[in-house]
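The structure under discussion appears below in the form of structure tokens.
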Amino acid sequence: MEADKIKDSIKRAAQDLFRKFGYHKTSVNEIAKKAKIAKATIYKYFDSKEALLHVLLMDYIKVSVNELINTNTPEQDEETHLSNLIMKTCRLSYTVCNEFIGWDFIRESTNSQDFLKNLSNELEELLMQSFTQLPGVKKHDTYQQRLRFLIKCSKSIVFSFAFTSVSDADVRKNFVSFQKEILPYLVKAAVTI
């Protein structure tokens, strides 16, 4: 097998297992077995299981954010458009936590807060780059700072769901509350100059 095929095989195996059992309950041995390679081969391409998870998440997030940003939507005013993008991004963040990482890892691992903080910061940069490339988005510094504020606040609130929600019903309630009671004010603050 050539290097790219091996790496893709490892990523596919890890993604399947992380989604099925969660990050915390998936071992490197299981990933190697599913990918039909030796365990040592995984470490040739990825420094750790956490590094493998990080690569998977960033690949997934990049594709998903590009789809969100590039999806043609009917003509919407700027506030509605940003609100919709933020909510879709929030759901994406929740999906990442729910399907790839698993709540056990998030709540119990000593590394999870640092891991989520780094992931969150990379997501913020990706969103800023994507938003600023949208046609019609204002390019001046004040607007960029307000847009960054909108993204920072939104991501902080959404990632807090991971630590405060006990059930899926709690998550839904938190999303509805965020969408109706907080997001409109954050968006208005970001677009009003």
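In our numbering, the protein residues as written are 1318 to 1510.
For glycine and all other residues, C-beta sits at the position ideal for the given N, C-alpha and C.
Nothing here was measured: the structure is a model prediction, and the numbers come from that model.
Query, Result
"In chain order, which continuous runs of the beta strand (DSSP E) of length 3 or greater are located wholly inside the stretch 1343-1381?", "none"
"Looking only at C-alpha atoms, which of E1439, A1507, D1485, K1472 sits nearest to H1457?", "A1507"
"Could you tell me how far apart the beta carbons of I1378 and V1413 are, in whole angstroms, since I believe they sit closer than 8 angstroms?", "7 angstroms"
"Helix, strand or coil for S1484, going by three-state DSSP, please let me know.", "coil"
"Please report the distance separating the alpha-carbon of D1364 from that of L1373.", "14 angstroms"
"Hey, out of K1337, E1367, T1449, S1326, whose CA is closest to A1349's CA?", "S1326"
"Can you tell which of K1405, L1433, K1497, F1448 has the C-alpha that lies nearest to the C-alpha of S1477?", "L1433"
"Taking buried to mean at least 16 other C-beta atoms within 10 Å of its own C-beta, is I1403 buried or exposed?", "buried"
"Which residue marks the beginning of the alpha helix (DSSP H) containing I1327, and which one marks its end?", "1320-1338"
"Between the alpha carbons of I1474 and K1324, how many angstroms are there, rounded?", "34 angstroms"
"Would you kindly work out how many angstroms separate the C-alpha atoms of Q1446 and Y1460, rounded to a whole number?", "13 angstroms"
"Quick check on DSSP: helix, strand or coil for H1398?", "helix"
"Any idea if S1400 is buried or exposed, counting beta-carbon neighbours within 10 angstroms, 16 or more meaning buried?", "buried"
"Check the C-beta distance from L1444 over to T1406 and give it rounded, since I have them as a contact under 8 angstroms.", "6 angstroms"
"Ignore the nearest five residues each way along the sequence and tell me which others in R1500's own chain have a CB closer than 8 angstroms to its CB.", "Checking the displayed sequence, the identity of residue 1500 turns out to be Leu instead of Arg. Only S1400, I1403, M1404, S1471 meet the Cβ criterion."
"Do L1370 and Y1411 have their CB atoms nearer than 7 angstroms?", "no"
"When the Cα atoms are used, what is the spatial distance from I1359 to L1503?", "43 angstroms"
"For T1509, which of helix, strand or coil comes out of DSSP?", "coil"
"Does the Cβ-Cβ distance between L1545 and S1381 come in under 7 angstroms?", "Not covered by the structure: residue 1545. The range shown for the chain is 1318 to 1510."
"Thinking D1333 and K1351 are a contact (beta carbons under 8 angstroms), I'd like their distance in whole angstroms, please.", "7 angstroms"
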